[in-house]
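Residue numbers (my numbering), protein chains in the order written: chain A, 284 to 398; chain B, -13 to 652. The beta-carbon is built from N, C-alpha and C at its ideal position, and this holds for glycine as well.
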Amino acid sequence: MTLEECYEKIGGNYKEVVQRLPGENFVKKFAVKFLDDPSFETLKKGLEEQDLETAFRGAHTLKGVCQNLSFDALYQVSAALTESLRAGTLEGSGPLFAKVEEQYRRTVEGLRELQ
Amino acid sequence: MEEIKDKMEHLKDIFDVVRLVDDRIVCLLAGEPRADRPQEPCECYSFWEKKQPCENCIAYKALQEKGKGSKLEFMDSGVYQVLADYVEVDGRPYVLEMLKKLDENTFLDTYGYEKLMERMELYSEKLYRDALTGTYNRRFYEDEVKNRVESAGVAVIDVDDFKIYNDTYGHHVGDKALVATANVIRRNIRKTDLLIRYGGDEFLLILQKVSRWVLSKKLHQICEKMRETMFSDEVRIPLSVSIGGVLTEKDRIEDAVRRADKMMYYAKKRKNTVIIEGDKELERTEQDESLEAGNIKEQILIADDSEMNRELLSEMFHNDLRILEARNGRECINMLEQYGTGISLVLLDIVMPEVDGFGVLSYMNANRWIDDIPVIMISSETSEAHIRRAYDMGASDYVSRPFDAKVVHRRVSNTLKLYAKQRRLLRLLEKQLYEKEKNNRIMVSILSQIVEFRNGESGLHVIHINLLTSLILERLQEKTDRYGISRQEQELIATASTLHDIGKIAIDEKILNKPGKLTREEFEIMKTHTVIGANMLETVEQYQNEPLIERAHEICRWHHERYDGRGYPDGLKGDEIPISAQVVALADVYDALVSKRVYKPAYSHEKAIEMILNGECGAFNPLLLECLTDIKDQLRKEMQLRSREAYPERADIHALTQAELDDADI
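Set out below in structure tokens:
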């Protein structure tokens, strides 16, 4: 699978990212690295333990990383969750997290194929 | 030969050892190549349990001079007197050596013993003293100091522009500069500290057991006092020194000196500077130099809690820059503490565990790192509030995610260049300011020198007026804001004060230097120096609006006015007289009283103050009289110090109290 096809599959913006970052290889290297990024785990753990600060940080970092790599679909749902958590409550984060989790799974699947 | 052997037998009754040494052996021992050397040289020095020939071979000396010589040799705890006598035996040159052990019995009595010891001490004292400056000399350093292992502050002090003094004014002026330098240093150290004249214009200072703080304070004090020192009547350029210092712990002094010398080399680039090993400023200088020379890459710190983000940025910059990484705000602060300005720029995330990006910014503000280390925020926070807050806290730039790699790269390199340029310009500016200030001082000095030369006044008058004016103005400003004199204005008035008597250049020398009282007509002529001085300044048309000329004009014209309107030339009253002229008038009167003039003796400081306060020299602003009373102790001390610094060789100014000498100690 090419990088472009992978981006297509995970709802990312291929054209934008290769222009913004220095070249296809660079993007591919970091896209694969996303599989080791712990921010989703941090978010999940924070929510499970009702730790708002950790959950917010996890969501926030996840959002930032997706933004860097133009993982637009995952970015959008994690941004929504980040803003919800920023308000200082875990209330209403359940459905938002479900969306993030689903999109995260799809992204990871797509990136595994790239590997 | 028989004859001499006979003689030697007799001599053995008196001397412990008597021997005849062949001239060829003597020369060989003295290192002189001879074709006719004997096979087995007699190693006479081995007799003294030395492993090499003596430094002063007395036999060689006797041979050279065809005469007699004597020296003392030491072996174990004994002292031997060695007499060498040139003799010719069978037409060949020989040296007859006679040795006698000197023991307690040799010294006739205690007096003789003490006398000898005294002479010996004096001799070694002479050997280790620099004849010009009275400090220890390089030989003392080589023999006694360099191999010591000590914990001490070590400083190398070098006189700035020494070559100029020597080349322009002659060696006697150069010598005076060195003497003055040694005197200033001595006054600012303890008796237990060592001052060594290390090279031509280089001094070495060893302060035993000092903290870094004390070392720094002492060295800056010396540097500052140097600037206040006038050392010669001929040259009115203040001295300055460049000082390099290190703190050493149980190291060889020689190694510490080498390090201090390197620091001095950095200080020398700016002159009139103290640089101590480990100074932040120094790191900066060193680093900029290396950067300019292309030797090293600049180092940036990336602070972000996401490894992905750090790696991404790191990957973008690692070809051009060295990268440090911090995983949170706490680590970021630790690294800033560790590397200081060794970090050229920080890329800072906002949301991080432990301490966030704003926490880092507050820390950098509190420590003033923010002035020297630029920060570029990189964040996915895009709210106006965040961006504004970051800028308010001193961030140089704000990059939002998703960022364009090329743009970020350019912003970082621009910021780095800007800061490097700013530091270079700052150094250049400092240097130029220093040069300009120096030139100003030289010009004013020359001018006042001319006036004083003609007036036959002491060379110190202008320095005194300058000092007095500064002291009174400072106190006046502390006391009241009635005159609203800024520090800058104070300095301006002090500088202008040196021109107060320029009008005297137009007064007939017969009147100026008349030993007796002036006649009424003569006094009227004398009084015109005020108006003449003011007129002279008015002719400097293109600078009419310059504050310096304005102040100097006021001072020239009105420094003989009195507060009650009974002065001259205009009979101004009270605050009609500009405050500059009021202060200089008071300073002028004080200095005239304490100085010896052709028509009067010098009064004491106490007497002068008393006469002024009693109104014997005309009326002054009561506020200024209060100031004079407030500062009188300080004044007495400063005037003595100033005079001493200018003329250290004068006897009359050594009348220092013990308290003042103690003050010079730490």
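**Prompt:** Closer than 7 Å, Cβ to any Cβ of chain B: which residues of the stretch 319 to 330 of chain A, in chain order?
**Reply:** Within the stretch 319 to 330 of chain A, the qualifying residues are D320, S322.
**Request:** State yes or no: is the C-beta of L558 (chain B) within less than 9 Å of the C-beta of H539 (chain B)?
**Result:** In the second sequence, counting from the first residue as 1, residue 558 (chain B) sits at position 572. In the second sequence, counting from the first residue as 1, residue 539 (chain B) sits at position 553. Not closer than 9 Å, so no.
**Message:** Quick check: is the beta carbon of V300 (chain A) nearer than 9 Å to any beta carbon in chain B?
**Reply:** Here the question's residue 300 (chain A) lines up with position 17 in the first sequence. Output row for V300 (chain A): interface = yes.
**Prompt:** At a CB-CB cut-off below 7 Å, which residues of chain B make contact with T344 (chain A)?
**Reply:** On the first sequence, residue 344 (chain A) is found 61 positions in, with the first residue counted as 1. Near T344 (chain A) (Cβ distances below 7 Å), the residues of chain B are D291, S292.
**Asked** Using a beta-carbon distance cut-off of less than 7 Å, what residues from the stretch 355 to 366 of chain B approach chain E?
**Response** Looking at the structure shown, chain E is missing, and the protein chains on hand are A and B.
**Message:** List, from N- to C-terminal side, the alpha helix (DSSP H) runs of 4 residues or more that fit wholly inside the stretch 187 to 219 of chain B.
**Reply:** 198 to 213
**Message:** So, with DSSP's three-state summary, where would you put Q285 (chain B)?
**Reply:** Within the second sequence, residue 285 (chain B) is the residue found at index 299, counting from 1. Residue state for Q285 (chain B) is assigned as strand, using DSSP reduced to three classes.
**Prompt:** With respect to the beta strand (DSSP E) encompassing V337 (chain B), which residues constitute its N-terminal and C-terminal limits?
**Reply:** Taking the first residue of the second sequence as position 1, residue 337 (chain B) is located at position 351. No beta strand (DSSP E) holds V337 (chain B); DSSP gives it neither H nor E.
**Message:** My assumption, with CB atoms under 8 Å, is that V361 (chain B) sits in contact with G380 (chain B). Please give the rounded CB distance.
**Reply:** On the second sequence, residue 361 (chain B) is found 375 positions in, with the first residue counted as 1. On the second sequence, residue 380 (chain B) is found 394 positions in, with the first residue counted as 1. At roughly 7 Å, the Cβ-Cβ gap stays under 8 Å, so V361 (chain B) and G380 (chain B) are in contact.
**Prompt:** Since T481 (chain B) and L419 (chain B) are thought to touch, with beta carbons under 8 Å apart, how far apart are those beta carbons, to the nearest angstrom?
**Reply:** As a working mapping, residue 481 (chain B) is identified with position 495 in the second sequence. As a working mapping, residue 419 (chain B) is identified with position 433 in the second sequence. Not a contact, Cβ separation roughly 15 Å.
**Prompt:** Hey, L347 (chain B) and I286 (chain B) are a contact pair by Cβ (cut 8 Å); roughly how many whole angstroms apart?
**Reply:** For the purposes of this step, residue 347 (chain B) is identified with residue 361 of the second sequence, where counting begins at 1. For the purposes of this step, residue 286 (chain B) is identified with residue 300 of the second sequence, where counting begins at 1. Between I286 (chain B) and L347 (chain B) the Cβ distance is about 16 Å, and since that is not below 8 Å, they are no contact.
**Prompt:** Can you list, in chain order, the residues of its chain whose CB lies under 8 Å from that of C209 (chain B), leaving out five sequence neighbours each side?
**Reply:** Position 223 of the second sequence, counted from the start, is the residue given in the question as residue 209 (chain B). Closer than 8 Å at Cβ, skipping near neighbours: S226, V227, I229, N258, T259, V260.
**Message:** Judging by CA-CA distance, which residue of B:M250, B:L(-3), B:I171, B:G139 is the nearest neighbour of V232 (chain B)?
**Reply:** The sequence position of residue 232 (chain B) within the second sequence is 246, counting from 1. Among B:M250, B:L(-3), B:I171, B:G139, the Cα nearest to that of V232 (chain B) is on B:G139.
**Asked** Taking one C-beta from the stretch 306 to 315 of chain B and one from the stretch 353 to 373 of chain A each time, how about it: are there three or more such pairs within less than 8 Å?
**Response** no
**Asked** To the nearest angstrom, how far is it from the Cα of I518 (chain B) to the Cα of R543 (chain B)?
**Response** In the second sequence, residue 518 (chain B) corresponds to position 532, counting from 1. In the second sequence, residue 543 (chain B) corresponds to position 557, counting from 1. Taking the straight line joining both Cα atoms gives about 8 Å.
**Asked** Which residue's Cα is closest to the Cα of K149 (chain B): B:A163, B:D247, B:E508, B:E612?
**Response** Mapped onto the second sequence, residue 149 (chain B) falls at position 163. The shortest Cα separation from K149 (chain B) among B:A163, B:D247, B:E508, B:E612 belongs to B:A163.
**Asked** Is any beta-carbon of chain B found at less than 9 Å from that of Q333 (chain A)?
**Response** Here residue 333 (chain A) refers to the residue found at position 50 of the first sequence. Q333 (chain A) does not count as touching chain B.
**Whole-Å CB distance - R548 (chain B) paired with G604 (chain B), under 8 Å assumed** = Counted from its first residue, the second sequence places residue 548 (chain B) at position 562. Counted from its first residue, the second sequence places residue 604 (chain B) at position 618. Yes, they are in contact, since the Cβ atoms of R548 (chain B) and G604 (chain B) sit about 4 Å apart, within 8 Å.
**Asked** Exposed or buried, what is F439 (chain B) when buried is set at 16 or more other beta-carbons lying within 10 Å of its beta-carbon?
**Response** For the purposes of this step, residue 439 (chain B) is taken as residue 453 along the second sequence, with counting starting at 1. Under this definition F439 (chain B) is an exposed residue.
**Message:** With DSSP as the reference, identify every bridge partner of P79 (chain B), one or two as the case may be.
**Reply:** Reading the second sequence from its first residue, position 93 is the one you call residue 79 (chain B). The beta-bridge partner set that DSSP reports for P79 (chain B) consists of B:E74.
**Message:** I'd like to know whether the C-beta of G294 (chain A) is nearer than 9 Å to at least one C-beta of chain B.
**Reply:** As a position in the first sequence, residue 294 (chain A) is number 11, starting the count at 1. Answer no: the Cβ-Cβ gap between G294 (chain A) and chain B never drops below 9 Å.
**Message:** Quick check: E59 (chain B) and V68 (chain B), are their CB atoms within less than 9 Å of each other?
**Reply:** Here residue 59 (chain B) is taken as the residue at index 73 of the second sequence, counted from 1. Here residue 68 (chain B) is taken as the residue at index 82 of the second sequence, counted from 1. Taking 9 Å as the Cβ cut-off, E59 (chain B) and V68 (chain B) qualify as a contacting pair.
**Request:** Return no unless some Cβ of chain B is closer than 9 Å to the Cβ of K311 (chain A).
**Result:** Position 28 of the first sequence, counted from the start, is the residue given in the question as residue 311 (chain A). For K311 (chain A), the answer is no, since every Cβ of chain B falls outside 9 Å of its Cβ.
**Asked** Would you call the stretch 593 to 609 of chain B and the stretch 571 to 582 of chain B touching, i.e. three or more CB-CB distances under 8 Å?
**Response** Contact between the stretch 593 to 609 of chain B and the stretch 571 to 582 of chain B is present, because at least three Cβ pairs lie under 8 Å.
**Request:** Kindly list, in the order they appear in chain A, the residues whose Cβ is closer than 7 Å to that of N295 (chain B).
**Result:** The residue labelled residue 295 (chain B) in the question sits at position 309 within the second sequence. Result: G347, V348, N351.
**Prompt:** Out of curiosity, what's the CA-to-CA distance linking M(-6) (chain B) and V65 (chain B)?
**Reply:** Position 8 of the second sequence, counted from the start, is the residue given in the question as residue -6 (chain B). Position 79 of the second sequence, counted from the start, is the residue given in the question as residue 65 (chain B). Using only the alpha carbons, I get a separation of about 22 Å.
**Request:** Just the chain A side, please: which residues come within less than 9 Å of V337 (chain B) by C-beta, in chain order?
**Result:** The sequence position of residue 337 (chain B) within the second sequence is 351, counting from 1. Per Cβ cutoff of 9 Å: F339, R340, H343, T344, G347.
**Spatially closest choice to C349 (chain A) from A:A381, A:Q333, A:I293, by CA coordinates** = The count along the first sequence starts at 1 and reaches residue 349 (chain A) at position 66. Among A:A381, A:Q333, A:I293, the Cα nearest to that of C349 (chain A) belongs to A:I293.
**Request:** Using three-state DSSP, classify R244 (chain B) as helix, strand or coil.
**Result:** Residue 244 (chain B) sits at position 258 when you count from the first residue of the second sequence. R244 (chain B): helix per DSSP, three-state reduction.
**Message:** What does DSSP give as the partner residue(s) for G553 (chain B) in the beta ladder?
**Reply:** As a working mapping, residue 553 (chain B) is identified with position 567 in the second sequence. For G553 (chain B), which the question treats as bridged, DSSP gives no partner whatsoever.
**Prompt:** From this set, B:A141, B:I359, B:G185, which residue's C-alpha is nearest E128 (chain B)'s C-alpha?
**Reply:** Position 142 of the second sequence, counted from the start, is the residue given in the question as residue 128 (chain B). Nearest of B:A141, B:I359, B:G185 to E128 (chain B), Cα basis: B:G185.
**Item:** Contact with chain B by Y290 (chain A), beta-carbon distance below 9 Å
**Value:** If you number the first sequence from 1, residue 290 (chain A) lands on position 7. No, no contact with chain B.
**Request:** Could you spell out where the beta strand (DSSP E) holding M597 (chain B) opens and where it closes?
**Result:** Here residue 597 (chain B) is taken as the residue at index 611 of the second sequence, counted from 1. Following the DSSP letters along the chain, one finds M597 (chain B) in no beta strand (DSSP E) but inside the alpha helix (DSSP H) bounded by residues 591 to 599.
**Asked** CA-CA distance, I(-10) (chain B) and M84 (chain B)?
**Response** The residue labelled residue -10 (chain B) in the question sits at position 4 within the second sequence. The residue labelled residue 84 (chain B) in the question sits at position 98 within the second sequence. Approximately 13 Å, taken between the alpha carbons.
**Request:** Consider the Cβ of L298 (chain B): report whether some Cβ of chain A lies at a distance smaller than 9 Å.
**Result:** Here residue 298 (chain B) corresponds to residue number 312 of the second sequence, with the count starting at 1. Taking Cβ atoms only, chain A reaches closer than 9 Å to L298 (chain B), which makes this a yes.
**Asked** Does the distance from the C-beta atom of E214 (chain B) to that of D144 (chain B) stay below 9 Å?
**Response** As a working note, residue 214 (chain B) is residue 228 in the second sequence. As a working note, residue 144 (chain B) is residue 158 in the second sequence. In this structure, D144 (chain B) does not lie closer than 9 Å to E214 (chain B) by Cβ.
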